[in-house]
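Per this note's numbering, the sequence shown starts with residue 14, numbered consecutively.
Written below as structure tokens is the structure these notes are about.
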Amino acid sequence: MKTLKTNVSPCHHLKTISQKTTTGLVLGSLAATATLPLTATSARADDAPSKVHALVNFEFSDHYLTPRGMDVQNHGLVFQPLVLGFFDLYRSDGMLGNVTLVGGVWNCFGTGKLASSDSNGAKNTSWYEIDPIAGISIGFAKHLTLDVTYTAFDMQIFNIPFSEHLETKLSFDDSAYLKKFAVHPYFSYWQELDGKAVSNTDANPESSYYFDLGVAPAYTFEKIGLKVEVPCRVLLPDSKFYGTGAGSSSTVGLYEVGVKGSIPLKFMPSGYGHWSLHLGFKYMGFEDDNLKATQHRSGSTQVYGGISTFF
14 MKTLKTNVSP CHHLKTISQK TTTGLVLGSL AATATLPLTA TSARADDAPS
64 KVHALVNFEF SDHYLTPRGM DVQNHGLVFQ PLVLGFFDLY RSDGMLGNVT
114 LVGGVWNCFG TGKLASSDSN GAKNTSWYEI DPIAGISIGF AKHLTLDVTY
164 TAFDMQIFNI PFSEHLETKL SFDDSAYLKK FAVHPYFSYW QELDGKAVSN
214 TDANPESSYY FDLGVAPAYT FEKIGLKVEV PCRVLLPDSK FYGTGAGSSS
264 TVGLYEVGVK GSIPLKFMPS GYGHWSLHLG FKYMGFEDDN LKATQHRSGS
314 TQVYGGISTF F
């Protein structure tokens, strides 16, 4: 029940994967809601640049809070490992800058056990979910990235049915214009292909959709490498997305504000990937009456952190 929405900080990678491509791929992929910083890599001038890369992120938090406002678990500690592979298909300096395939898997575990689907609720489990990811990222016009990402939610708890989804996202890298004051805006359309990705108040819910608008302004303290981000977003749901039984639907389903810091682990030996730590806080305010009804609250907070590597 989660979509990874991750920003990657600017990096210089000698004729290999670009910052725009990596940012778009991870943004368009499933969603951890954390920012995975990426430090520079190096290659000898006579080496052929690699066309295959990998990103590994281990996230922990006090809640399993999805980007759609589902507070799946709010007790104990939640662990969410993510593995993504990137495959460069095309790269140039022209109007069409790059085409990259991405694939991976995301899992969710917790110290607090929940009712297992395998046992029909007779037993509890610490494994909440496993989600496959597959997508394509297309960079064009130097500053734009189009990501199309398929995800499926295979829940291991509460007999929640399997669901499939497709996200189409357009991101704009405004760093060339606003420099250190860049806000990195994006717009996405998220469609349920089969099944529901949220709790719904309708007796027979239909597959639906929503739009997402967001920015992620950031500032980097160059001397120490600390990057501070202030991500903000609003979710604009279809009237049927959260259901219609508990009250009127809202144009804005929820809004989210947060702050996050990330720093590279420069002491890691060269050749073992580019490691970083991050820590963040977010508040999600629920505006849709149906969302409030299913979550029994008007909002939720989350404290999260993690360690990641890119190679």
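Glycine included, C-beta positions come from ideal geometry on N, C-alpha and C.
Bear in mind that the values here come from a model prediction, so they are computed numbers and not experimental data.
- Message: Strictly by DSSP, which residues pair up with A128?
- Response: N137
- Query: How many angstroms separate the CA atom of P282 from the CA atom of C121?
  - Reply: 29 Å
- Option nearest G152 by Cα separation, candidates S129, W119 and S105: S105
- Return the first residue and the last residue of the beta strand (DSSP E) that A67 is part of. Annotation for A67: the continuous beta strand (DSSP E) segment containing it runs V65 to S74.
- Check each candidate in V69, V118, Y199 and S150 and name the one with the smallest Cα separation from C245. Of the candidates V69, V118, Y199 and S150, the residue whose Cα lies closest to the Cα of C245 is Y199.
- Query: Leaving out the 5 sequence neighbours to the left and right, which residues in its chain are closer than 8 Å to K126 when beta-carbon positions are compared?
  - Reply: N137, T138 and S139
- Message: Taking contact to mean 3 or more Cβ pairs, one atom from each stretch, closer than 8 Å, check whether the stretch 232-246 and the stretch 207-218 are in contact.
- Response: no
- Query: In whole angstroms, what is the alpha-carbon distance linking P218 and F254?
  - Reply: 8 Å
- Mapping DSSP to helix, strand and coil, what is N120? strand
- Item | Length at least 3, wholly inside the stretch 151-224: the beta strand (DSSP E) runs in chain order | 157-168, 176-185 and 199-207
- Would you tell me roughly how many angstroms separate the C-alpha atoms of L109 and A154, rounded to the nearest one? Going from the Cα of L109 to the Cα of A154 covers about 7 Å.
- Once you ignore the five residues that flank T181 on each side, which residues in its own chain have a CB closer than 6 Å to its CB? V161 and Y202
- Message: Check whether the stretch 300-316 and the stretch 79-97 are in contact - that is, three or more C-beta pairs closer than 8 Å.
- Response: Yes: at least three Cβ pairs fall under 8 Å.
- Query: Between F224 and G82, what straight-line distance do the alpha-carbon atoms span, to the nearest angstrom?
  - Reply: 14 Å
- Task: Output the boundary residues of the alpha helix (DSSP H) element that contains L304.
- Result: For L304, the uninterrupted alpha helix (DSSP H) segment begins and ends at D302 to Q308.
- Query: Where does M281 fall in DSSP's three states?
  - Reply: coil
- Query: For S275, which of helix, strand or coil comes out of DSSP?
  - Reply: S275 falls in the strand class under three-state DSSP.
- DSSP state of A45, grouped into three classes? The pLDDT assigned to A45 is 36, lower than 50, so where the model puts this residue is not dependable, and the model offers no usable value.
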